[in-house]
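If you read the sequence shown in our numbering, its first letter stands for residue 100, the second for the next number, and so on. All C-beta atoms in this analysis are idealised placements derived from N, C-alpha and C, irrespective of residue type, glycine included.
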Amino acid sequence: KMLAYNCSPSFNWKRNLDDATIGRFQRELGAMGYKFQFITLAGFHSLNYSMFELAHGYARDNMTAFVALQEKEFAAAEKGFTAVKHQREVGTGYFDQITQVVTAGKASTTALHGSTEDEQFFGEEALSQAKKAA
C-alpha cells in the first residue's frame, strides 16, 4: 500500500508542469493513497533563499533591509509567527526559572528579565502571562 511521496526539490516543477497541475498535484496524490507527502529540503531552500535575500538587501540598503525583515516578522505575529521574540522562542524564560530555583531566587545572571526583548517585545501583561506559563 502506498504511503509516502517526496515532492522532490530536485525536480524543476515549473519546467514540466503548469500552475493548474501543480495546484492539484497533492490532492491527486492523496486520491491515489499517498497519506504522507513531504518536501525533503523545503526548509533548506527556504532558509538559504531568505538569507540570500537578506544579505543582498543588506549589501545594497544596509540596516534598512533588516528592518524590513523585522517589520514582516511583526506583521506575521498576527498569524501566529512567534520567532520575533527569539529569547522566548529558545526557552530563555524556562532556563531563567530553573536558575532561580537552583539559586533560591538569588541569581543575578538571568537573561530575560531586564533584557531588550523583555522591554521592547513584552508588554507588562504579556510578560506576566509568559512568566506564569513558563
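* On the premise that Gly132 lies in contact with Lys178, defined as a C-beta separation below 8 Å, what is that separation, rounded to the nearest angstrom? -> By one-based count along the sequence shown, residue 178 stands at place 79. By one-based count along the sequence shown, residue 132 stands at place 33. Actually they do not touch by this definition, with Cβ atoms about 32 Å apart.
* Pull up the CB-CB distance for Ala103 and Phe135, whole angstroms please, since I reckon it's below 8 Å. => For the purposes of this step, residue 103 is taken as residue 4 along the sequence shown, with counting starting at 1. For the purposes of this step, residue 135 is taken as residue 36 along the sequence shown, with counting starting at 1. Right, the Cβ-Cβ distance comes to about 4 Å (below 8 Å), so this counts as a contact.
* To do: Assuming Thr181 contacts Asp195 (C-beta within less than 8 Å), just tell me the rounded distance between them.
  => Numbered from its first residue, the sequence shown carries residue 181 at position 82. Numbered from its first residue, the sequence shown carries residue 195 at position 96. That pair is no contact at about 18 Å.
* Under three-state DSSP, which class holds Asn105? -> Sequence index remark: in the sequence shown, residue 105 carries index 6 (1-based). Asn105: strand per DSSP, three-state reduction.
* Asked: Who are the near neighbours of Phe137 in its chain, counting only those whose CB is closer than 8 Å to its CB and skipping five residues on each side?
  -> Position 38 of the sequence shown, counting from 1, holds the residue named residue 137. Here the set comprises Ala103, Tyr104, Asn105, Cys106.
* To do: Under 8 Å Cβ to Cβ from Ile121, same chain only, skipping five residues before and after it: list those, please.
  => As a working mapping, residue 121 is identified with position 22 in the sequence shown. Annotation for Ile121: Trp112, Lys113 place their beta carbon closer than 8 Å to its own, counting only its chain and skipping 5 residues before and after.
* Can you pull the DSSP bridge partners for Gln50? -> Outside the modelled stretch of the chain, which goes from 100 to 233, sits residue 50, for which no answer is possible.
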